[in-house]
Amino acid sequence: MTSIKKNLPDEQATIELGYELSLWVSAPLVIYLTGDLGAGKTTLSRGLIQSLGHKGNVKSPTYTLVEPYELKGMDIFHFDLYRLLDPEELEFMGIRDYFTEKSLSLIEWPDRGHGLLPDADISIHLGYQGEQRQVELNGLTPAGQQVVAKLK
């Protein structure tokens with residue numbers, strides 16, 4: 004497993020990490036984002052999605068569960084499973100159809116979809132370290148390890 008930790012002193016640093024990731028990600032890839040409320044999961048996702056070319060706002064899909072984007076020949080799906088009451092709800096929305104050879108999936112609160120989500124290529128955990136945030140990125144598959152290794 005390839006792993007790195009970084010300090011993120013402010014919101015801009017979190018967005019810039021999303022930009023760094025955008026330089027190296029390619030489909031198919033599944034990224035799990037974990038951490039407490041307000042830790043920066045959506046901010047990191049916004050930085051990544053906008054760096055891939057999205058011009059509008061990137062809002063948290065807390066109520067819709069997923070926001071789709073088509074950028075750079077990839078289907079990008081930003082999931083937020085925080086409000087998911089039962090993982091079976093994912094079956095009703097056809098969750099398996101989202102994970103294809105063309106998809107890059109960013110999944111916030113992946114533990115809420117346990118058993119119905121594919122394994123992560125990269126896990127990203129954001130937490131608080133005093134007044135700033137700290138992020139830990141783990142490459143869990145060969146594809147994920149390649150991306151994380153580029154960030155060192």
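Heads up: the sequence shown runs through residues 4 to 155, numbered per the working numbering. Glycine included, every Cβ here is placed at the ideal spot set by N, Cα and C.
CA-CA distance, M77 to I52, rounds to 11 Å.
For Q135, DSSP records a beta bridge to Q132.
The Cβ atoms of P90 and F80 do not sit closer than 7 Å to each other. Note that the region 6-22 does not touch the region 93-106; fewer than 3 beta-carbon pairs, one per stretch, sit closer than 8 Å. For T144 against D124, the beta-carbon gap comes to about 5 Å, under 8 Å, which counts as contact. Membership of P145 in the alpha helix (DSSP H) is indicated by the continuous run P145 to K153. Looking at the DSSP output, F80 sits in a beta bridge with P71 and S108. At a Cβ-Cβ threshold of 7 Å, Y22 and I110 do not count as neighbours. With respect to the C-alpha of Q137, the residue from Y101, Q148 and G41 having the closest C-alpha is G41. Closest option to P121, judged by alpha-carbon separation, among T103, Y85, Q135 and S29: T103.
Note that the C-beta distance between H117 and T37 is not below 7 Å. G133 and A16 have their C-alpha atoms spaced approximately 16 Å apart. Taking 8 Å as the upper bound for CB-CB distance, V150 and L24 are in contact here, some 7 Å apart.
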